[in-house]
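Taking it in order: structure first as structure tokens, then the write-up.
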Amino acid sequence: MMGGLTFMVNGKMCVGIIKDELMCRIDPELHTEAVERTGCRTMDFTGRPMRGYVMINEIGMKCKSDFEYWLNLALDFNKRAKASKKKSK
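Here my numbering is used: the first residue of the sequence shown is 687, the next is one more, and so on.
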């Protein structure tokens, strides 16, 4: 995943670490609300913002409860998220 470490849950990308930020795959319906939180921004690697994927820096995870909030948001969405189609070789 773009040079980072990805954690898959139920065969679907859930969270990851890229440089010094936490990446979370969240419900796209919660995206706007999420990026209003301190330390959170939309994931954008290719110049195309990805709704439902957010990056959280250290300011957004000052305490354990902040980290748990983001992790639970990603895990909750993972139950409903669709797995990416496997690429044929």
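Heads up, the beta-carbon is just placed ideally off N, CA and C, and yes, glycines get one too.
query, result
"Ile-703: CB within 7 Å of a non-hydrogen atom of the ligand FAD", "Within the structure as shown, the ligand FAD is missing, as the structure has no ligands at all."
"N-terminal and C-terminal residue of the alpha helix (DSSP H) that Leu-691 is part of", "That residue, Leu-691, is in no alpha helix (DSSP H); its beta strand (DSSP E) goes 691-695."
"Cβ neighbours of Asp-713 in the same chain (closer than 6 Å, five flanking residues each side left out)", "Phe-763"
"Length of the line joining the Cα atoms of Met-731 and Ile-704", "The question names Met, but residue 731 is Phe in the sequence shown. C-alpha separation (whole angstroms): 11 Å."
"Limits of the beta strand (DSSP E) - the one that Leu-708 falls within", "707-711"
"Residues that DSSP places opposite Arg-727 in a beta bridge", "Met-741"
"Nearest to Ser-770 (by Cα), restricted to the options Gly-697, Gly-689 and Thr-692", "Gly-697"
"Nearest-angstrom Cα separation, counted from Cys-710 out to Ala-760", "6 Å"
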